[in-house]
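See the structure below:
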């Protein structure tokens, strides 16, 4: 079992690895269609999150603020929340609002349930507008925690009765809870895989429709794509829930409690074994819902049989370069798990692992220890490794240590294509292995 | 520096600021303006204070608050350094629930100790944030104790986000410099030609396009406040003969108070465009009052403009008559206009949102009768104006980059996130190049072009 190290004596985070939970929650909300995430905090809380996401995705990102001031904080935020919601409804006409708290308003202790109730009472015209609320104090956890909290609130919210006008397809629906380890390109690949099995994916949140980088015809002051309100109303119809990333477990549990939907948590979707498991699960779900005289006959689509062989070949080709390499990682727990497992499967050695927040997945990393810390910790631990994998903020330290840097996580400012990059599934894993292999080839290893 | 209501009111009503010259009701909105609930934009006071102080390259900048304030923003500012890189590092106390319950002062003190022990900065700027201000942590007391204990200046910056806008944060940062830094050391020597540059942050290395000019005419920049500055040079800024305010409104309180305290006069200038750059050099020479200097300035202006005319000729031919919509704040709304017109381009519309009455008068003169002055605006409004005026491109801050690109319109970034230096004479060439590149790129046709199957009418 992996030992989790927190340096209790350290009172300062130097070059923080962590981003705030509200940012994570906003990111999750951005995977819903027609939404505006609304930060209940000072205007800066929104501005910083917005700048980070805009620079990472190179997209316009719709985020709003309740613009709390010193005075409104002391008096309580009800008026600001009310005004913000009404303004958004008027200016952006959202299908949903994703409301989240920040350190400021959590410290003050605004009674959010009470506030929302009284706003709804005063404004019956908002009855049909879902307001999805997540409590995300800045001082508790990291991006991954905020993201998970938002997903939990998305699956807990009542979206009204399903609209029957939606065409009922013969396809059976599967809920995919897409954790914060997945980018828009990863989600796109997952949807394609699920559809290839004849299943209909209901992905929460679906970043692939909203911040994947595509040109729309109109200007958007809310998200142009993602999981729609109609889809969310169909949640209970899903046959099964697949939670990708350990942090999606609690949300899957909520769905089981609410609708009796069974679930399975897949902590990783990269690497041969992990993807095999995913496809096998999909095949069984697809097989299970074959009507008539049911027999156990799960089928894998032809193209994935082929992709699997391609990946095996890629593993052979790249193992010369990756085998025995010492890699130091600084990633959020779920992404750390997925990435370090894959590296170990390739025969690489994890020299150092730094992460942002506590998580049950950390104990299963299969390495001696993991540090909950910052990039200063990484700098100390990574000396002598062959490769560093973390966000682009580590560029100066990688240069200082003269170790190549492979960028993963948030934020990535100095690489293009973060909206479409895919590192999961057979193809995504191949891409990852080739990327890393090429780095070592460049170095002449 | 205790942050009191009176202090904030004083800064908002800063008499040096043009916004306050006309005391009519509602005239002061530019300084007091704060985001409205439901709005999307705008940094907080803490953001503003960071923008003004983080460019001090050898200092450590320690944020006392939860992870959001530093974690989401560190290392992303565009100020460049010719030396130390400490300012690029992110330091934060990253407070937890426990600190909120029991107070964060002890943690802050230990954090300062750890930063000093490992990184030995000449000074530490400590920033309060909404949460640590709300729980009542006494930043000043901790900083004072730590200054003594570690024999290092530890400077409190009381600009928590919720007190106001970015602009107010700039001024609060200026107050910290005035109260704790300026006047605490002496320069090795002084000359009659010593000036300070205030409010220039060396974004994309802009200073480096201007400093050689000063050197050439014999003006010494004693202190840069704060672009590419060392902590030490700001300490002896009080020995300059003249303060030159660049992004003039942001740190206007520094100009005025240094005049009060040290008798240093100040002027407000811009580095953008030929006219402004010429005027800047002439005004400095005028203020320093030396015939020989004035003569040297004229010589350099003549040389530089002659060189510039040759360098710009090909661009002027290609840019002539191109029309832009300009969306930016304050001084830049007219200074960039005059630069654009130097290149033969037209400004179809510009924003006056954060402009003073004086700014607005300049804008009116530059715009001509057909130009539109945008009093307020958001993304949709900008797009509407671009369509209405049939402008060729949008020149604005990075925040509006995707507004323009998504509408398939050429864009040039003019604000603090930009990657190209536009200041001084060389900056104008750079700007011309960028305009040309943006306007004449072959991509515009492609991104606007319908697919073959979209043109078939059924």
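Residue numbers (our numbering), protein chains in the order written: chain P, 1134 to 1578; chain R, 7 to 464. Quick reminder that beta carbons are idealized off the backbone N, C-alpha and C, glycines included. On a predicted model such as this, the values are computed, not experimentally measured, just so you know.
Residue i and residue j closer than 9 angstroms at C-beta
| i | j | result |
| --- | --- | --- |
| residue 293/R | residue 230/R | no |
| residue 1171/P | residue 1237/P | no |
| residue 1585/P | residue 1388/P | No answer is possible for residue 1585/P: the residues shown for chain P start at 1134 and end at 1578. |
| residue 100/R | residue 1334/P | no |
| residue 1368/P | residue 1292/P | yes |
| residue 1321/P | residue 1343/P | no |
| residue 1182/P | residue 78/R | yes |
| residue 1407/P | residue 1281/P | no |
| residue 1278/P | residue 1157/P | yes |
| residue 1486/P | residue 1502/P | yes |
| residue 1218/P | residue 48/R | no |
| residue 342/R | residue 420/R | yes |
Any C-beta of chain R under 9 angstroms from that of residue i
| i | result |
| --- | --- |
| residue 1529/P | yes |
| residue 1221/P | yes |
| residue 1245/P | no |
| residue 1149/P | yes |
| residue 1541/P | no |
| residue 1519/P | no |
| residue 1155/P | yes |
| residue 1265/P | no |
| residue 1281/P | no |
| residue 1100/P | The requested residue 1100/P is not part of the displayed model; chain P covers only 1134 to 1578. |
| residue 1536/P | no |
| residue 1354/P | yes |
Min CB distance residue i to chain P below 9 angstroms
| i | result |
| --- | --- |
| residue 181/R | no |
| residue 34/R | Any answer about residue 34/R is weak, because its pLDDT of 49 lies below 50 and its placement is not dependable; what the coordinates show is given next. Cβ-Cβ to chain P under 9 angstroms: no for residue 34/R. |
| residue 30/R | Only weak support is given to the placement of residue 30/R: the predicted model assigns it a pLDDT of 46, under 50, and the question is left unresolved by the model. |
| residue 81/R | yes |
| residue 453/R | yes |
| residue 99/R | yes |
| residue 15/R | no |
| residue 95/R | yes |
| residue 91/R | yes |
| residue 447/R | no |
| residue 103/R | yes |
Environment of residue i [buried if 16+ CB atoms lie within 10 Å]
| i | result |
| --- | --- |
| residue 461/R | exposed |
| residue 1470/P | buried |
| residue 29/R | The pLDDT assigned to residue 29/R is 44, lower than 50, so where the model puts this residue is not dependable; a value taken from the coordinates is nonetheless given after this. Exposed, by the Cβ-count rule. |
| residue 1440/P | buried |
| residue 76/R | buried |
| residue 80/R | buried |
| residue 340/R | buried |
| residue 458/R | exposed |
| residue 207/R | buried |
| residue 399/R | buried |
Q) Considering only residues of the segment 1453-1501 of chain P, which uninterrupted alpha helix (DSSP H) runs meet the minimum length of 4 residues and lie entirely inside it, listed in chain order? A) 1466-1478
Q: For the segment 429-438 of chain R and the segment 307-324 of chain R, state whether three or more C-beta atom pairs, one from each stretch, are separated by less than 8 angstroms.
A: yes
Q. Can you find at least 3 beta carbon pairs, one from the segment 1252-1260 of chain P and one from the segment 87-107 of chain R, that sit closer than 8 angstroms?
A. no
Q: Counting only runs of 4+ residues fully inside the segment 222-283 of chain R, write out the alpha helix (DSSP H) ranges in chain order.
A: 237-241, 258-268
Q) So does the segment 1140-1153 of chain P actually touch the segment 1302-1318 of chain P, counting three or more Cβ pairs closer than 8 angstroms? A) no
Q.
Closer than 8 angstroms is the cut-off here; do at least three beta carbon pairs connect the segment 125-143 of chain R with the segment 62-77 of chain R?
A. yes
**Q.** alpha helix (DSSP H) runs contained entirely in the segment 143-176 of chain R, provided each spans 4 or more residues
**A.** 145-156
Q: Enumerate, from N- to C-terminal direction, the unbroken beta strand (DSSP E) stretches of 3 or more residues contained entirely within the segment 80-147 of chain R.
A: 130-134
Q.
For a minimum of 3 consecutive residues, which ranges assigned as the beta strand (DSSP E) are wholly contained in the segment 298-380 of chain R?
A. 329-333, 352-357, 378-380
(Q) For the segment 1450-1457 of chain P against the segment 1558-1578 of chain P, do three or more pairs of beta-carbon atoms, one drawn from each stretch, fall closer than 8 angstroms, so that the two count as touching? (A) yes
Q: Please determine if the segment 1552-1561 of chain P and the segment 1398-1412 of chain P are in contact, where contact requires at least 3 C-beta pairs separated by less than 8 angstroms.
A: yes
Q. Between the segment 147-154 of chain R and the segment 108-122 of chain R, are three or more C-beta pairs nearer than 8 angstroms?
A. yes
Q: Please determine if the segment 162-172 of chain R and the segment 52-61 of chain R are in contact, where contact requires at least 3 C-beta pairs separated by less than 8 angstroms.
A: yes
Q) Could you give the uninterrupted runs of the beta strand (DSSP E) lying entirely in the segment 1165-1206 of chain P, keeping only those of 3 residues or more? A) 1168-1173
Q: Counting only runs of 4+ residues fully inside the segment 375-461 of chain R, write out the alpha helix (DSSP H) ranges in chain order.
A: 385-395, 407-412, 430-445, 449-454, 458-461
Q: Entirely within the segment 1248-1313 of chain P and at least 3 residues each: give me those beta strand (DSSP E) ranges in chain order.
A: 1264-1267, 1305-1311
**Q.** Cβ contact check for the segment 400-414 of chain R and the segment 189-208 of chain R: 3 or more pairs under 8 angstroms
**A.** no
Q | Segment contact, 8 angstroms Cβ cut-off, at least three pairs: the segment 1519-1526 of chain P with the segment 1535-1555 of chain P | A | yes
Q. Touch check for the segment 345-364 of chain R and the segment 376-393 of chain R: three-plus C-beta pairs under 8 angstroms?
A. yes
Q) When the Cβ atoms of the segment 1159-1167 of chain P are set against those of the segment 1227-1235 of chain P, are three or more pairs found closer than 8 angstroms? A) yes
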